[in-house]
Amino acid sequence: MQSWQEKLSDLRSGGLTLDLPTLIALARTHTLSLEEMAAIRKAWVVRELQLQQPQLKKNRAEALYEEERKKLGL
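In the numbering used here, the protein residues as written are 57 to 130.
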């Protein structure tokens, strides 16, 4: 399965203009891989942590996420 980034890279190299309507149409047909879903989940949690604790640096929030994920066996 081709990742979203790979798909966009291929389209750009083929000369396709990736305007908003094109991106929306492509997004509707893209199936997320397990890796993409995990990355989105992690980014969402990290952003939420940083919103709750503005002083928290991104790398620390990511480390906390990984520690808790391991504790939960995920």
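Glycine residues also receive a C-beta, built at the ideal position from the N, C-alpha and C atoms.
For Leu88 and Tyr131, the rounded distance between their alpha carbons: Because the chain is modelled from 57 through 130, residue 131 falls outside the range shown and cannot be assessed.
Cβ-based burial, Ala119 [other Cβ within 10 Å; buried from 16]: The residue given as residue 119 occupies position 63 in the sequence shown. Ala119 should be labelled exposed.
Contacts around Val101, its chain only, beta-carbon distance under 7 angstroms, and the 5 residues preceding and following it disregarded: Residue numbering aside, residue 101 sits at position 45 when the sequence shown is read from its first letter. Closer than 7 angstroms at the Cβ level, and outside the excluded window around Val101, lie Tyr121.
Cα-Cα separation between Ser69 and Ser59, rounded to whole angstroms: Here residue 69 refers to the residue found at position 13 when the sequence shown is read from its first residue. Here residue 59 refers to the residue found at position 3 when the sequence shown is read from its first residue. In a straight line, the C-alpha of Ser69 is about 15 angstroms away from that of Ser59.
Buried or exposed by the 16-neighbour rule on C-beta atoms within 10 Å, applied to Ala117: Position 61 of the sequence shown, counted from the start, is the residue given in the question as residue 117. With 16 or more other Cβ atoms within 10 Å, it is buried.
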